[in-house]
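Have a look at the structure below before the remarks.
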Amino acid sequence: MRMKDIIADMKTMYGIQIMYSKAHQALDYALSLTYGTHEESFELLPSFGYVLEQQNPGTITDLQYDENGKFQYFFMSLGASLRGFQRCMRPVITVDGTHLKG
0 MRMKDIIADM
10 KTMYGIQIMY
20 SKAHQALDYA
30 LSLTYGTHEE
40 SFELLPSFGY
50 VLEQQNPGTI
60 TDLQYDENGK
70 FQYFFMSLGA
80 SLRGFQRCMR
90 PVITVDGTHL
100 KG
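Numbering that gives the first Met the number 0 puts the first residue of the sequence shown at 0, with every later residue one more than the last.
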């Protein structure tokens, strides 16, 4: 939903004019009620990685934090993707002709 839509709905339904910033705050609040906050989502990452590894054999996950304990990155590679890559990729030999003369 766009801010214009929220502003128009408030005008139509309640007869009040709200500022863009207030519509943005309302949308943020509604999204946090529906999906949770960013902080709550980051707290779920370790259990998400664990469940992925348990339910998908061969899956690799890695969760890294910086020296201050803040989230840095989350890596995942599904086991099926890894197996498919290993079975379907063929060795390739390439020659870079940039330095070849003659």
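Glycine is no exception: its CB is placed at the ideal position from the N, C-alpha and C atoms.
### Message
I'd like to confirm the pairing. Which residues does DSSP put opposite M75 in its beta bridges?
### Response
As a working note, residue 75 is residue 76 in the sequence shown. Partner(s): T60.
### Message
Less than 7 angstroms between C-beta atoms, sequence neighbours within five positions excluded: which residues of the same chain meet that for I5?
### Response
Along the sequence shown, one-based indexing puts residue 5 at 6. Non-local beta-carbon contacts of I5 in its own chain, meaning distances under 7 angstroms to residues more than five positions away in sequence, involve A22, A25, L26 in chain order.
### Task
Starting from T11, trace the alpha helix (DSSP H) both ways and give me its first and last residue.
The residue given as residue 11 occupies position 12 in the sequence shown. Going by DSSP, T11 is part of the alpha helix (DSSP H) stretching over 2 to 13.
### Query
So the alpha helix (DSSP H) Q53 belongs to, where does it begin and stop?
Within the sequence shown, the letter at position 54 stands for residue 53. Per DSSP, Q53 belongs to the alpha helix (DSSP H) from 37 to 54.
### Query
Quick one: Cα of L62 to Cα of Q53, how far?
Residue numbering aside, residue 62 sits at position 63 when the sequence shown is read from its first letter. Residue numbering aside, residue 53 sits at position 54 when the sequence shown is read from its first letter. Annotation: L62 to Q53 spans about 16 angstroms, alpha carbon to alpha carbon.
### Query
Which residues share a DSSP beta bridge with F70?
Start at 1 with the first residue of the sequence shown, and residue 70 comes out as number 71. Per DSSP, Y64.
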